[in-house]
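Here's the structure, in structure tokens; my notes come after.
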Amino acid sequence: MSQLRAKAEHTEAIRRDRRVAVVVNTRSRRGRRHYFEVIEQIHNLGFEPLAELSVYNPKRLRDLLDTALATGPDLLIVGGGDGTLSSAVRHVAHRDVALGVLPLGTTNNFARSLGLPLDLAGAIRVFDTGKVADIDLGMADDRPFANLASFGVSVEVAGKVKPWLKRILGRPAYPLTALTILPGHRPFRAYITVEGQRHELLTHQLNIANGRFHGGWQVAKDISIDNGMLVAYQLGSGKKVRLLGETLLRATSGRWRSLAGGPFVVGREMLLETDPPMAADVDGEVRLRTPIRLRVVPNGVRVMVPASFEDR
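Numbering (the UniProt record's numbering), first residue to last: 1 to 312.
Rendered as structure tokens:
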């Protein structure tokens with residue numbers, strides 16, 4: 001872990017020295033279309049990037065992030081969807097560099113959790129007018145994550161949703177794909193242990209969130225990416241009709257819920273066991289299986305956010 005400057009000092013360095021590096025995933029929903037526009041707008045704000053890198057082959061993303069960081073920027077600007085940004089979060093965690101977010105994906109959950117404008121011009125202005133804040137880093141076993149670990153139907157959806165459908169429909173592509181999978185999906189039993197208390201539930205879908213948004217819609221108004229807590233919640237129950245209703249509701253309204261209304265389990269650390277054991281989708285990557293221990297590392301990542309962001 002590198003020595004970290006005070007956040008106010010870090011903010012001032014970005015505004016004064018304009019030392020940035022830019023990495024854009026040009027395979028993301030909007031990355032290829034807007035790459036040159038992004039670079040032009042960043043230059044127009046007086047930044048002279050130390051590196052300007054486009055990523056078309058996802059296998060090169062980590063190497064190009066390393067290349068960008070090797071130039072020594074105060075601000076690493078990354079454009080792409082939540083998967084791209086999750087990789088960037090892992091690269092800048094515990095380092096004296098802030099992550100600047102360009103929301104170029106389909107759902108942009110991470111950008112929404114940071115309160116960023118979703119239009120490119122607005123997001124880019126934040127690099128000039130915003131501030132450096134530190135937010136929570138989620139850990140699934142030893143794997144860092146920014147937004148969400150999910151289990152059940154969504155793991156299959158992530159593997160089956162068509163890129164062309166995402167391009168045409170955006171966020172609704174996910175619940176619509178889920179509706180095609182659900183008829184053949186079997187519920188599972190989950191056991192969540194928090195502070196010695198074991199919670200049991202039967203469901204088709206379980207999410208454990210660090211961020212405030214899932215599928216581009218707010219999970220609950222009192223969830224925060226900067227409160228030192230993870231939140232576990234199920235969609236529907238063991239009955240398919242309940243999950244069908246919940247999926248349709250989220251697809252059409254993205255309803256606003258409060259943690260006080262449940263069903264939520266909140267804690268700094270959770271042990272998740274499932275019957276049967278199953279795969280986990282951690283910020284879009286399916287690499288882990290239950291049982292999994294999840295926890296929060298408070299203030300583990302520095303990000304550039306609007307001046308109005310409440311930094312705890």
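C-beta atoms are modelled at their ideal positions from N, C-alpha and C, and glycine is treated no differently.
Exercise for the section: Please specify which runs of the beta strand (DSSP E), each continuous and at least 3 residues long, are wholly inside the UniProt domain "DAGKc" (15–144), giving them in chain order. Expected result: With a minimum length of 3 residues, the continuous beta strand (DSSP E) runs that stay inside the UniProt domain "DAGKc" (15–144) are 20–25, 52–55, 75–80, 98–103 and 131–140.
Handout entry: 8 Å CB neighbourhood of Arg62 in its chain, flanking five on each side removed
Key = Here residue 62 refers to the residue found at position 62 when the sequence shown is read from its first residue. Cβ within range, chain order: Ser87 and His91.
Problem - Option nearest Phe110 by Cα separation, candidates Ser308, Met278, Gln218 and Arg186 - result: For the purposes of this step, residue 110 is identified with residue 110 of the sequence shown, where counting begins at 1. Among Ser308, Met278, Gln218 and Arg186, the Cα nearest to that of Phe110 is on Gln218.
Handout entry: Which of helix, strand or coil DSSP assigns to Thr290
Key = As a first step, residue 290 must be located in the sequence shown, where it is residue number 290. In the structure shown, Thr290 sits in coil (DSSP, three-state: anything other than H, G, I, E or B).
Handout entry: Buried versus exposed call for Lys131 [16 or more other C-beta atoms within 10 Å across all chains shown]
Key = Indexing the sequence shown from 1 puts residue 131 at position 131. By the neighbour-count criterion, in which a residue is buried when 16 or more other Cβ atoms sit within 10 angstroms of its Cβ, Lys131 is buried.
Practice task
Express the C-alpha separation of Arg19 and Glu48 in angstroms, rounding to a whole number.
Solution key: On the sequence shown, residue 48 is found 48 positions in, with the first residue counted as 1. On the sequence shown, residue 19 is found 19 positions in, with the first residue counted as 1. Spanning the two alpha carbons is a distance of roughly 7 Å.
Practice task
Please list, in chain order, all residues of the same chain as Leu306 whose beta carbon is under 6 Å from its beta carbon, the five residues on each side excluded.
Solution key: Here residue 306 is taken as the residue at index 306 of the sequence shown, counted from 1. Residue identity differs from the one stated: residue 306 is Pro in this sequence, not Leu. Here the set comprises Gly115, Val126 and Gly130.
Handout entry: Nearest residue (CA-CA) to Arg287, options Thr11, Asn25 and Pro144
Key = Sequence index remark: in the sequence shown, residue 287 carries index 287 (1-based). Of the listed residues, the one whose Cα sits closest to Arg287 is Pro144.
Handout entry: Of the residues His34, Ile42 and Pro73, the one placed nearest Leu50, counting alpha carbons only
Key = One-based indexing of the sequence shown puts residue 50 at position 50. Checking every option, the nearest Cα to that of Leu50 belongs to Pro73.
Problem - Distance, Asp128 Cα to Leu45 Cα - result: The residue labelled residue 45 in the question sits at position 45 within the sequence shown. The residue labelled residue 128 in the question sits at position 128 within the sequence shown. Cα to Cα, Leu45 sits roughly 7 Å from Asp128.
Handout entry: Candidates Gly152, Arg268, Pro276 and Leu202, of which the one nearest Val282 by Cα
Key = Your numbering for residue 282 matches position 282 in the sequence shown. Among Gly152, Arg268, Pro276 and Leu202, the Cα nearest to that of Val282 belongs to Gly152.
Exercise for the section: Please report how far the alpha carbon of Ala121 lies from the alpha carbon of Glu40, in whole angstroms. Expected result: Position 121 of the sequence shown holds residue 121. Position 40 of the sequence shown holds residue 40. Distance between Ala121 and Glu40, taken at the CA atoms: about 11 Å.
Exercise for the section: May I ask you to report which of helix, strand or coil DSSP gives His199? Expected result: As a first step, residue 199 is located in the sequence shown; it is residue number 199 there, counting from the start. Correct three-state label for His199: strand.
Handout entry: Cβ pair Leu230, Leu294 closer than 8 Å
Key = The count along the sequence shown starts at 1 and reaches residue 230 at position 230. The count along the sequence shown starts at 1 and reaches residue 294 at position 294. Taking C-beta atoms as the reference points, Leu230 and Leu294 count as a pair closer than 8 Å.
Problem - Sheet register partners of Phe188 (DSSP bridge) - result: Along the sequence shown, one-based indexing puts residue 188 at 188. Under DSSP, the beta-bridge partners assigned to Phe188 are Thr203.
Problem - Asp134 classed as buried or exposed, judged by whether at least 16 other C-beta atoms fall within 10 angstroms - result: The count along the sequence shown starts at 1 and reaches residue 134 at position 134. Buried is the call here.
Handout entry: Alpha carbon of Gly80 to alpha carbon of Thr193, nearest angstrom
Key = Along the sequence shown, read from residue 1 onward, the residue named residue 80 stands at position 80. Along the sequence shown, read from residue 1 onward, the residue named residue 193 stands at position 193. Computed Cα separation, rounded: 34 Å.
Handout entry: Cβ neighbour criterion (16 or more within 10 Å) applied to His43
Key = Here residue 43 refers to the residue found at position 43 when the sequence shown is read from its first residue. With fewer than 16 Cβ atoms within 10 Å of its Cβ, His43 is classed as exposed.
Practice task
If I'm right that Val24 touches Val55 with Cβ under 8 Å, what's the distance once you round it to whole angstroms?
Solution key: Within the sequence shown, numbered from 1, the residue matching residue 24 stands at position 24. Within the sequence shown, numbered from 1, the residue matching residue 55 stands at position 55. Rounded to whole angstroms, the Cβ separation of Val24 and Val55 is 7 Å, and the two are in contact under 8 Å.
Handout entry: Close-in-space but distant-in-sequence residues of the same chain around Ala190 (CB under 6 Å, 5 per side omitted)
Key = Within the sequence shown, numbered from 1, the residue matching residue 190 stands at position 190. Same-chain partners within the cutoff: Leu201, Leu206 and Thr274.
Practice task
Can you say whether Asp17 is buried or exposed, counting buried as having 16 or more other CB atoms within 10 angstroms of its CB?
Solution key: Here residue 17 refers to the residue found at position 17 when the sequence shown is read from its first residue. With fewer than 16 other Cβ atoms within 10 Å, it is exposed.
Problem - Cα-Cα separation between His199 and Met139, rounded to whole angstroms - result: As a first step, residue 199 is located in the sequence shown; it is residue number 199 there, counting from the start. As a first step, residue 139 is located in the sequence shown; it is residue number 139 there, counting from the start. His199 and Met139 have their C-alpha atoms spaced approximately 20 Å apart.
Exercise for the section: Along the beta strand (DSSP E) that carries Ala307, what are the first and last residues, could you check? Expected result: By 1-based counting over the sequence shown, the position of residue 307 is 307. Segment: none, Ala307 is in no beta strand (DSSP E) and carries neither H nor E.
Practice task
Keeping to the same chain, check which residues put their C-beta closer than 8 Å to that of Leu64; ignore five residues upstream and five downstream.
Solution key: What you label residue 64 is simply residue 64 of the sequence shown in a count that begins at 1. The answer, listed in chain order, is Val23, Leu53 and Val55.
Practice task
Could you work out which residue in Ala209, His94 and Val155 is closest to Gly284 when comparing CA atoms only?
Solution key: Position 284 of the sequence shown holds residue 284. Closest option to Gly284, Cα to Cα, is Val155.
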